[in-house]
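*Asks:*
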Amino acid sequence: MHRLFVGLRPPRAMRERLLAVMGGIENARWQSAEQLHCTLRFIGEVERPLAEDIAAGLGHVRFPSFDLALAGIGQFGPPDRPRALWAGLGPTHRVAELHRKIDRRLVELGLETERRAYLPHITLARLNSTSSSTSRFREEHAGLESPPLPFHHFLLYRSTLGSEGASYEAIARYPLRD
Numbered sequence: 001m002h003r004l005f006v007g008l009r010p011p012r013a014m015r016e017r018l019l020a021v022m023g024g025i026e027n028a029r030w031q032s033a034e035q036l037h038c039t040l041r042f043i044g045e046v047e048r049p050l051a052e053d054i055a056a057g058l059g060h061v062r063f064p065s066f067d068l069a070l071a072g073i074g075q076f077g078p079p080d081r082p083r084a085l086w087a088g089l090g091p092t093h094r095v096a097e098l099h100r101k102i103d104r105r106l107v108e109l110g111l112e113t114e115r116r117a118y119l120p121h122i123t124l125a126r127l128n129s130t131s132s133s134t135s136r137f138r139e140e141h142a143g144l145e146s147p148p149l150p151f152h153h154f155l156l157y158r159s160t161l162g163s164e165g166a167s168y169e170a171i172a173r174y175p176l177r178d
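See the structure below:
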């Protein structure tokens, strides 16, 4: 079985900007530079033949390159017990269009359509019941931004879960063509 997702790897300058703001929340599991990504579509566990079909099928997705910038901070989960901290990306319309196009392609290959609302973001930290409050971090970094940076490809990742969290390996790269 292969645990897969499709994502965008932020350019180095964006990763460095994100790494520079990480910290200050006790018992948060901060993401490493290698883990930073924007998920376009989570696929989940699939058998090898379907994984190969997915890898080939994504090669038929055509979409122009686009620019994205960091755009604020947010969190998932209840306000008093968040599960994750994230950095937003904008403008959202281009990346949301690419998400929909990838989702349609995966549905054609037999996967279920994505049912959750799509919010382009990059996870910064995973939190648990022992993590300290995120309030100060969110206040200090609410205006997080960066210059728009170009995204020229998307990736198919294999995710491996371990005791230190997930590790990601890019197994296929797909150009965004103008």
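Start counting the sequence shown at 1; every next residue gets the next number (the UniProt record's numbering). Where is the CB? At the ideal position from N, CA and C, for every residue including glycine.
1) Return the residue from the list Phe66, Arg81, Pro49 and Arg48 that minimises the CA-CA distance to Phe154.
2) According to the neighbour-count rule (16 or more other Cβ atoms, all chains shown, within 10 Å of its Cβ), is Val107 buried or exposed?
3) Out of curiosity, what's the CA-to-CA distance linking Ala96 and Thr123?
4) So what's Gly72 in DSSP terms, helix, strand or just coil?
5) Who does Glu169 pair with in a DSSP beta bridge?
6) In chain order, what residues of the same chain have a beta carbon less than 7 Å from the beta carbon of Glu47, not counting five sequence neighbours either side?
7) Please report how far the alpha carbon of Arg115 lies from the alpha carbon of Leu40, in whole angstroms.
*Replies:* Inspection of the coordinates gives the following:
1) The candidate whose alpha carbon is nearest that of Phe154 is Phe66.
2) Under this definition Val107 is an exposed residue.
3) Spanning the two alpha carbons is a distance of roughly 17 Å.
4) Of the three classes helix, strand and coil, the one that applies to Gly72 here is strand, per DSSP.
5) Paired residues: Arg158.
6) Within the same chain, Cβ atoms closer than 7 Å to the Cβ of Glu47 are found at Met1, the five residues on either side in sequence being excluded.
7) Approximately 13 Å between the Cα atoms of the pair.
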